[in-house]
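K.L.:
Here's a structure for you.
In our numbering, the protein residues as written are 2 to 470.
Written out as structure tokens, the structure reads:
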């Protein structure tokens, strides 16, 4: 009988909280990509603003309008004091400085305008951080105290959601735990951003679909999907879309669920239409909301008109596809390394050998059967998962294209980050699962735990070297 602590979800929870707590405190304030902007947004929501303020300035002889918020000067000052490190890879700090900065006051009575981009998502990504900061603001808590409280809140939320995902997935639980413990996943979860919540919900959505599709229940016709299960599936997808709609193509994973689990083909397609329609309504709403809020505002990375860029891509699809392929060809290896570990505004990356080892473990984990019955995967299922993953990458790159294209003849798409691949890694566990290559062994599941610990230690060392030594 397996000890309770050795269950994959329990091992994950223990290691995630230990490694995550280390990441919370060794990572200097506002040194995760866009952490300052996320913190600004949270405080803006605390003050009851779902809209964004606008300011027009004369820059380089042109009148430009930027989005932002009017916030307490203490918050803006705290972010700016650590801003130099994000621009200078040689800039160092110390724990003593951070301790001293904890006393920096909030100064709610002194407000300043700070410009930052409008996000393509709703406040749900910060749904626990917003009430937490609201309570702390009542006591005039220092900005850095709020920051660390938000980091801990984000970490706990991520850990709980992924714990449940590992618990319900019917196969490869140890590999789900391995993905959840990748340094990049824990690092983003232990920071103030929307990525931690997005990654957690994506893992939960994949786990729930896999449970409905591959859980061993015989015969399937006697285990029809009920309204409660369909409601939960729609709810998880709804929440994921609130965080990042670029993963909308994951909706096609629905067709992994065998038709025998529905009363009829009509019931199956009706259920898909409900899920698809729910996601599409959200996508359209978010796009309209973003267009309304950003009306008259220029991008922080580009002054090119987004509508013109969109029309150009639609009217010249071959040229645009070539741009996407060129971007993947030139930067693909970097994206793979970043998806395992990229820290400090992408100035610190995990050594490539450890990234390669991580992908080797992921591939082996899909092939090796750890004391479980071999997973029977249809060819159609592999095609569905590959298409879902490729479409998600394409949509994410397209969003980056619209936001960060600063020259009409740009050769690659800028600002696509390797961490955007994290939610797609569970799909590979099914795509590369081949029944005839399965080997029954329990050793591999413990090997993945050892590798996770090594990756965390290496990542922590790289972060300490970057910021403190």
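We treat Cβ as the ideally placed atom computed from N, Cα and C, and that holds for glycine.
Excluding five sequence neighbours on each side, which residues of the same chain lie with their C-beta closer than 6 Å to the C-beta of residue 171?
P.N.:
By one-based count along the chain shown, residue 171 stands at place 170. Closer than 6 Å at the Cβ level, and outside the excluded window around residue 171, lie 212, 215, 216.
K.L.:
Can you tell me the Cα-Cα spacing of residue 335 and residue 263, whole angstroms?
P.N.:
Counting from one through the chain shown, the residue named residue 335 turns up at place 334. Counting from one through the chain shown, the residue named residue 263 turns up at place 262. Near 43 Å, if we compare the C-alpha coordinates of residue 263 and residue 335.
K.L.:
In chain order, what are the residue ranges of uninterrupted beta strand (DSSP E) at least 3 long that sit wholly in the stretch 101–175?
P.N.:
Given a length threshold of 3 residues, each whole run of the beta strand (DSSP E) inside the stretch 101–175 is given here in chain order: 112–116.
K.L.:
Quick check: what's the CA-CA separation for residue 2 versus residue 437?
P.N.:
Position 1 of the chain shown holds residue 2. Position 436 of the chain shown holds residue 437. In this prediction, residue 2 has a pLDDT of 44, which is less than 50 and means its spatial position is unreliable; nothing more can be read from the coordinates.
K.L.:
Start and end of the alpha helix (DSSP H) containing residue 250?
P.N.:
Position 249 of the chain shown, counted from the start, is the residue given in the question as residue 250. Note, residue 250: premise wrong, no alpha helix (DSSP H); not H, not E.
K.L.:
If you draw a straight line from the alpha carbon of residue 67 to that of residue 271, how long is it in whole angstroms?
P.N.:
Counting from one through the chain shown, the residue named residue 67 turns up at place 66. Counting from one through the chain shown, the residue named residue 271 turns up at place 270. For residue 67 and residue 271, the distance between alpha carbons rounds to 44 Å.
K.L.:
Between residue 38 and residue 346, is the Cβ-Cβ spacing less than 8 Å?
P.N.:
Residue 38 sits at position 37 when you count from the first residue of the chain shown. Residue 346 sits at position 345 when you count from the first residue of the chain shown. No, the Cβ-Cβ distance between residue 38 and residue 346 is not below 8 Å.
K.L.:
Does DSSP put residue 413 in a helix, in a strand, or in coil?
P.N.:
To locate residue 413, count along the chain shown from 1; it is residue 412. Correct three-state label for residue 413: coil.
K.L.:
Considering only the alpha carbon of each residue, which of 72, 73, 144, 128 lies closest to residue 99?
P.N.:
Within the chain shown, numbered from 1, the residue matching residue 99 stands at position 98. For the residues 72, 73, 144, 128, the minimum Cα distance to residue 99 belongs to 144.
K.L.:
State buried or exposed for residue 185, treating a residue as buried only when at least 16 other CB atoms are found within 10 Å of its CB.
P.N.:
Here residue 185 refers to the residue found at position 184 when the chain shown is read from its first residue. Classification of residue 185: buried, given that the 10 Å Cβ count is 16 or more.
K.L.:
Would residue 139 pass as an interface residue toward chain C - the criterion being a Cβ-Cβ separation below 8 Å?
P.N.:
In the structure shown, chain C does not exist; there is a single protein chain.
K.L.:
Does DSSP put residue 267 in a helix, in a strand, or in coil?
P.N.:
Taking the first residue of the chain shown as 1, we reach residue 267 at position 266. Here residue 267 sits in helix by DSSP.
K.L.:
Among 420, 415, 321, which has the Cα closest to the Cα of residue 404?
P.N.:
Stepping through the chain shown from its first residue, residue 404 is reached at position 403. The shortest Cα separation from residue 404 among 420, 415, 321 belongs to 415.
K.L.:
Taking the alpha helix (DSSP H) that residue 200 falls in, what are its first and last residues?
P.N.:
By one-based count along the chain shown, residue 200 stands at place 199. Segment 196–215, the alpha helix (DSSP H) holding residue 200.
K.L.:
Would you tell me roughly how many angstroms separate the C-alpha atoms of residue 138 and residue 127, rounded to the nearest one?
P.N.:
As a first step, residue 138 is located in the chain shown; it is residue number 137 there, counting from the start. As a first step, residue 127 is located in the chain shown; it is residue number 126 there, counting from the start. For residue 138 and residue 127, the distance between alpha carbons rounds to 16 Å.
K.L.:
Residue 406 by DSSP, collapsed to three states: which one?
P.N.:
For this step, residue 406 is matched to residue 405 along the chain shown. Coil, per DSSP.
K.L.:
Using 10 angstroms around the beta-carbon of residue 330, count the other beta-carbons present and answer buried if the total reaches 16, otherwise exposed.
P.N.:
Position 329 of the chain shown holds residue 330. Residue 330 should be labelled exposed.
K.L.:
Identify, in the order they occur along the chain, each residue of the same chain with its Cβ nearer than 7 Å to the Cβ of residue 340, setting aside the five sequence neighbours on each side.
P.N.:
In the chain shown, counting from the first residue as 1, residue 340 sits at position 339. In the same chain as residue 340, and ignoring 5 residues on each side of it, the C-beta atoms closer than 7 Å to its own belong to 185, 419, 420, 422, 423, in chain order.
K.L.:
Nearest CA to the CA of residue 114: which residue from 104, 337, 74, 123?
P.N.:
Here residue 114 is taken as the residue at index 113 of the chain shown, counted from 1. Residue 114 has its Cα closest to that of 74, out of 104, 337, 74, 123.
K.L.:
Could you tell me the alpha carbon to alpha carbon distance between residue 116 and residue 69, rounded to whole angstroms?
P.N.:
Indexing the chain shown from 1 puts residue 116 at position 115. Indexing the chain shown from 1 puts residue 69 at position 68. Distance between the alpha carbons of residue 116 and residue 69 is about 4 Å.
K.L.:
Hey, could you find the ends of the alpha helix (DSSP H) residue 308 is sitting in?
P.N.:
Reading the chain shown from its first residue, position 307 is the one you call residue 308. Boundaries of the alpha helix (DSSP H) around residue 308: 307–316.
K.L.:
What did DSSP end up calling residue 2 once you bin it into helix, strand or coil?
P.N.:
Counting from one through the chain shown, the residue named residue 2 turns up at place 1. Because the pLDDT at residue 2 is just 44, under 50, the model does not fix this residue reliably, and the point stays unresolved.
K.L.:
Check whether the Cβ atoms of residue 195 and residue 245 lie closer than 8 Å to each other.
P.N.:
Residue 195 sits at position 194 when you count from the first residue of the chain shown. Residue 245 sits at position 244 when you count from the first residue of the chain shown. The answer is yes: Cβ separation under 8 Å.
K.L.:
Let me check one thing: in DSSP terms, what residues is residue 71 bridge-paired to?
P.N.:
Translated into the one-based positions of the chain shown, residue 71 becomes position 70. Note: residue 71 sits in a beta bridge opposite 114.
K.L.:
I believe residue 243 touches residue 122 by the beta-carbon criterion, under 8 Å. Please report the beta-carbon distance rounded to the nearest angstrom.
P.N.:
Translated into the one-based positions of the chain shown, residue 243 becomes position 242. Translated into the one-based positions of the chain shown, residue 122 becomes position 121. 7 Å between Cβ atoms; contact.
K.L.:
Just reading off the alpha helix (DSSP H) that residue 455 is part of, what are its end residues?
P.N.:
As a first step, residue 455 is located in the chain shown; it is residue number 454 there, counting from the start. Run containing residue 455: 444–468, per the alpha helix (DSSP H) assignment.
K.L.:
Report yes if the CB atom of residue 201 is closer than 8 Å to the CB atom of residue 159, and no otherwise.
P.N.:
Counted from its first residue, the chain shown places residue 201 at position 200. Counted from its first residue, the chain shown places residue 159 at position 158. Taking 8 Å as the Cβ cut-off, residue 201 and residue 159 qualify as a contacting pair.
K.L.:
Classify residue 5 as buried or exposed, calling it buried when 16 or more other Cβ atoms lie within 10 Å of its own Cβ.
P.N.:
In the chain shown, the residue the question calls residue 5 occupies position 4. Residue 5 comes out exposed.
K.L.:
Are the Cβ atoms of residue 147 and residue 134 separated by less than 8 Å?
P.N.:
The sequence position of residue 147 within the chain shown is 146, counting from 1. The sequence position of residue 134 within the chain shown is 133, counting from 1. Yes, the Cβ-Cβ distance between residue 147 and residue 134 is below 8 Å.
K.L.:
Could you tell me whether the stretch 320–329 touches the stretch 13–23, where touching means 3 or more Cβ pairs closer than 8 Å?
P.N.:
Contact between the stretch 320–329 and the stretch 13–23 is absent, because fewer than three Cβ pairs lie under 8 Å.
K.L.:
May I ask you to verify whether the stretch 268–288 touches the stretch 307–324, counting CB pairs closer than 8 Å and requiring at least 3?
P.N.:
no
K.L.:
Could you work out which residue in 177, 64, 48 is closest to residue 362 when comparing CA atoms only?
P.N.:
Locating residue 362 in the chain shown gives position 361, counting from the first residue. The candidate whose alpha carbon is nearest that of residue 362 is 177.
K.L.:
Short check: CB of residue 76 to CB of residue 53, under 8 Å?
P.N.:
Residue mapping note: residue 76 aligns to position 75 of the chain shown, counting from 1. Residue mapping note: residue 53 aligns to position 52 of the chain shown, counting from 1. Their beta carbons are not under 8 Å apart, which means residue 76 does not touch residue 53 by this criterion.
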